[in-house]
Amino acid sequence: MSENELERDVEELKIKSIIGFDGSTNNGLIVHPNGKHILYPLGNKVAVQEWSTKKQKFLVGHTNIISSIAVSKSGKYVASGQINHIGFKARVILWDFDKREMLSQHEHHKVRVEAVTFSKDDKYVITLGGRDCGSVLVWDIEAQQVLCGSQVARGMQGDVSVIQAMTRRGACFITGGEYHLSVWRICKEARNVRCIDVAMAKLRRTVLCLDTNERDEFCYCGTTTGDILKVRFYFHHDVEILEPVKQPSLVGCWARLTRKKLPRGSVDLYQQGVRAIKLLFNGLLIVGAGDGTVELVEESTPKSAADPTVKLPSIPALRVFKTTNVNGAVTSLQMIDDDTVLAATVNAEIYAIRLDDFNAELIVTCHTSSIYDIAFPNNFSEVFATAGKNDVRVWSTSTAQELLRICVANFNCSSVVFAVDGKAILTGWSDGVIRSFTPLTGRLIYAIPNAHNKGVSALTTTSHGRVLVSGGCEGQVRLWEVSPFRQELICTLKEHKGPVSAIHVNVFDTEAASASTDGTCIIWDLERHCRMQILFAKTLFMCVRYYPTGVQILTGGSDRKLAYWEVLDGSLVRELDGSPSGTINALDISPTGEHFTSGGNDQIVKLWKYQEGVTTHIGVGHAAVVTAVRFSPDGKLIVTCDASGGVFLWECPQQEPKPKETQKPTIEKTIPDGKSPKSTGRNGKEEDIRDLPSVRSSRSDKGVARSCGCDSGRSCESGRSSSGSFCGRESVGSKAEGCVGEMDAGDACSTRSGRSDRSSQQRK
């Protein structure tokens with residue numbers, strides 16, 4: 001197969017859903033005018049989510065992180081601007097909302113697009129550049145070209161960060177920033193914009209947000225000081241007259257009315273500034289502050305300026321009706337219906353607040369910083385866990401909603417794994433402690449302090465769940481015998497000279513492979529507690545995985561290579577170019593072994609065929625380096641995460657299963673009615689004879705193991721025989737959650753002897 005044929009065969013992975021929200025973008029949460037969808041930036045994509053069903057679609061076209069977003073008054077258009085590298089132009093894209101496709105784009109701003117808005121009549125897209133640009137541009141939607149532009153800040157004015165169109169006048173808009181508040185008019189015939197500064201007298205404020213009333217009479221502006229400015233525009237009652245009758249001026253600077261005893265001359269201001277403001281039709285204001293406070297207030301008659309207890313220029317004039325807190329600086333306030341407001345925070349969370357009781361309900365949440373690991377429970381694809389800074393979170397794959405959050409403040413969780421029976425979540429932390437939590441409530445079961453003196457960097461467990469294998473930043477690999485009541489160190493394996501980046505145990509629980517940044521990958525014997533093989537390469541090993549049969553391992557590292565290694569002798573079998581530009585940070589092999597996936601610093605997720613070593617699909621969309629990838633146990637999903645806190649759920653391409661040669665029955669003609677040689681268990685399900693355990697109790701019915709008496713949805717703990725051998729089946733009739741089967745040595749010997757007699761008769 002030629003290279004051109006391979007390139008044509010590469011397809012794109014389909015995104016099922018993305019768990020993420022960029023709460024740091026001012027006014028980044030937008031409710032569509034149809035009331036059914038919400039829009040928000042997510043890395044370099046614009047997410048369009050249906051509010052009732054939570055289904056997501058994405059507008060793809062940006063090359064870097066999106067910094068601003070806006071929706072037209074009619075809901076027909078969507079505009080978004082992005083950030084770019086210093087020295088390069090930032091892109092602004094105009095989208096068709098109904099068709100979900102790009103209409104036009106331009107790159108005239110330097111480095112960053114600070115804000116974007118639509119005119120009232122949907123004729124213009126008005127964009128505001130960042131600190132390196134400092135200009136405002138008017139894009140004609142019909143002509144698809146820049147109509148005009150101008151520098152915004154003048155004289156003593158600083159950075160301008162807020163822009164909003166007027167409600168009734170399509171050719172007018174207002175800008176605000178550091179010591180800046182101006183009203184603008186677009187002159188299409190002259191192809192320019194005219195600016196009128198708001199008369200602020202000696203008042204100096206930095207405007208963070210603003211909102212105008214429906215008649216373009218007043219404007220309320222939130223400031224970093226914590227007060228709210230009220231500005232009068234003095235527009236003519238005729239909306240066709242765009243020039244104000246006289247210069248817009250400041251009406252007042254309002255603070256909260258309070259009953260608290262304050263020092264003489266002090267007023268009650270919003271802590272950390274007013275970050276978001278929303279003016280309702282009945283004249284009430286919803287105010288979001290930097291400390292997470294959200295309040296419903298009303299403007300009342302201000303106190304007299306002659307009052308000696310009032311410190312000018314802030315005058316108490318806001319009466320608070322209801323208040324709540326959303327545990328983070330508020331960046332967006334949007335009305336989803338008549339009695340519900342959505343509040344977005346810098347902690348990447350969206351709260352729904354009902355106006356009648358003003359209780360905040362968490363609707364959307366995600367990680368706010370880098371994610372280090374992903375884990376699925378054993379043979380259960382409905383949930384998965386992610387490990388990040390300060391917390392471990394459990395998510396639902398069907399709804400993409402957070403189910404559980406386990407917080408450990410000021411520490412990073414480097415690795416997470418589910419216990420085999422699903423009754424515990426095992427985590428490794430940067431403080432060197434291994435912690436085990438309950439999966440439903442997040443309660444701490446046990447903790448192993450000082451498991452590694454420089455922090456736990458990797459963690460895995462054996463299939464029976466009694467042995468825990470951990471790796472540390474000091475280079476040691478340690479084996480632990482764990483139970484809810486006792487945790488004991490078995491041995492310490494000291495070979496690596498650098499941090500252990502990944503550990504994986506083979507399917508037989510006899511070997512473990514550890515990858516390290518010292519350039520070595522070591523295969524350990526878990527039974528004799530010694531080194532079996534050591535693999536050297538000129539790379540920093542970042543990830544390692546066993547093939548499902550346990551005969552090969554797959555590694556990736558800083559040399560951008562994907563390497564196949566033989567476990568028996570440690571020889572290099574094959575080497576692939578995993579990425580043309582960046583380090584391979586993570587990889588995983590599918591449960592069937594037909595495919596594997598990789599991700600790295602190039603921010604691209606790749607799906608490979610294991611035997612052919614070719615790329616079949618790629619996934620593009622991560623806004624930062626990919627840090628972890630995992631297949632779901634059923635092989636239908638690929639979950640990836642990145643350093644920005646985004647979690648992507650990709651649909652894994654499913655192929656029709658091909659029958660293997662070893663699965664074809666040799667006595668097919670001797671079976672009547674064309675039935676396959678499969679036995680039927682007591683629950684009515686078909687069982688393949690090869691899937692039965694090799695060790696079976698003599699008490700079983702005709703050599704067929706009995707099913708466990710407990711709930712079939714739970715994973716049961718396997719039993720032990722009296723001779724110390726591990727029994728792979730549950731005991732007959734046991735009802736407890738952890739089912740332990742017993743088998744005496746005589747039964748085991750009789751079973752083996754009977755098996756040997758039958759085999760000898762077959763040879764004769």
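Those letters in the sequence shown? Residues 1 to 764, per full-length UniProt numbering, in order.
Note that CB positions come from ideal geometry on N, CA and C, so glycine has one too.
The residue among Lys36, Cys641, Ile38 and Val78 with its C-alpha nearest the C-alpha of Phe384 is Cys641. Our two residues, Gly158 and Ile228, have alpha carbons roughly 19 Å apart in a direct line. Contact between the stretch 147-164 and the stretch 98-107 is absent, with fewer than three C-beta pairs closer than 8 Å.
Here Asp559 carries a coil assignment [DSSP, helix/strand/coil]. Note on the stretch 590-647: whole beta strand (DSSP E) runs with a minimum of 3 residues are 595-600, 604-609, 615-620, 626-631 and 637-642, in chain order. In the pairwise beta carbon analysis, the stretch 188-201 is classified as not touching the stretch 281-291: fewer than three pairs are separated by under 8 Å. Bounds of the beta strand (DSSP E) holding Met335 are Val330 to Asp337.
Here DSSP, grouped into helix, strand and coil, assigns Asp227 to coil. For the 8 Å CB-CB criterion, Thr427 and Ala387 form a contact.
Sequence-distant Cβ neighbours of Ala375 in its own chain, meaning closer than 6 Å and more than five residues away, are Ala385, Val416, Val417 and Phe418. Residue burial annotation: Val626 is buried, with at least 16 other C-beta atoms found within 10 angstroms of its C-beta. Taking the C-beta atoms as reference points, Arg478 is found no nearer than 8 Å to Ala515.
By the Cβ neighbour-count rule, Gly20 is buried, with 16 or more other Cβ atoms within 10 Å of its own.
For Asn506, the CB contacts under 6 Å within the same chain, skipping 5 residues up- and downstream, are Tyr546 and Gly550 in chain order.
Shown here, Asp268 sits in a strand according to DSSP, grouped into three states.
Between the stretch 251-260 and the stretch 177-196, the count of C-beta pairs closer than 8 Å stays below three; the two stretches do not touch. Taking Arg319 as reference, the option from Ser300, Lys120 and Cys148 with the minimal CA-CA separation is Ser300.
If you draw a straight line from the Cα of Asn359 to the Cα of Ala343, it comes to about 12 Å. Counting only the Cα atoms, Arg560 lies some 33 Å from Ser398. The residue among Thr117, Lys278, Phe321 and Asp421 with its C-alpha nearest the C-alpha of Ser463 is Asp421.
For Tyr446, the enclosing beta strand (DSSP E) stretches over residues Leu444 to Ile448. In terms of Cβ geometry, Phe118 and Tyr179 do not form a close pair [threshold 8 Å].
Taking a 10 Å sphere around the C-beta of Lys120, we find 16 or more other C-beta atoms and assign the residue as buried. For Gly226, the closest of Cys253, Leu147 and His236 by C-alpha to C-alpha distance is Cys253.
Residue state for Asp9 is assigned as helix, using DSSP reduced to three classes. Looking from the CA of Ser483, the closest CA among Val467, Tyr610 and Glu214 belongs to Val467. In the DSSP assignment, Trp95 is bridged to Val78 and Met102. Across the structure, Ser68 and Ile30 are spaced so that their CA atoms are roughly 11 Å apart.
Ser571 and Lys16 have their alpha carbons spaced roughly 39 Å apart.
The Cβ atoms of Ser80 and Pro41 lie closer than 8 Å to each other.
Counting of Cβ neighbours within 10 angstroms places Ala143 among the exposed residues, the total staying below 16. Only residues of its own chain outside the window of five on either side were considered, and among them Asp391 and Arg393 have a CB closer than 6 Å to the CB of Arg405, listed in chain order. Beta-bridge partners assigned by DSSP to Ser514: Ile503 and Ile522. Around the beta-carbon of Ala424, 16 or more other beta-carbon atoms lie within 10 Å, marking it buried.
Per DSSP, the unbroken beta strand (DSSP E) holding Asp140 starts and ends at Ser135 to Asp140. Burial is judged here by how many other beta carbons sit within 10 angstroms of a residue's own beta carbon; Glu527 has fewer than 16 and is exposed.
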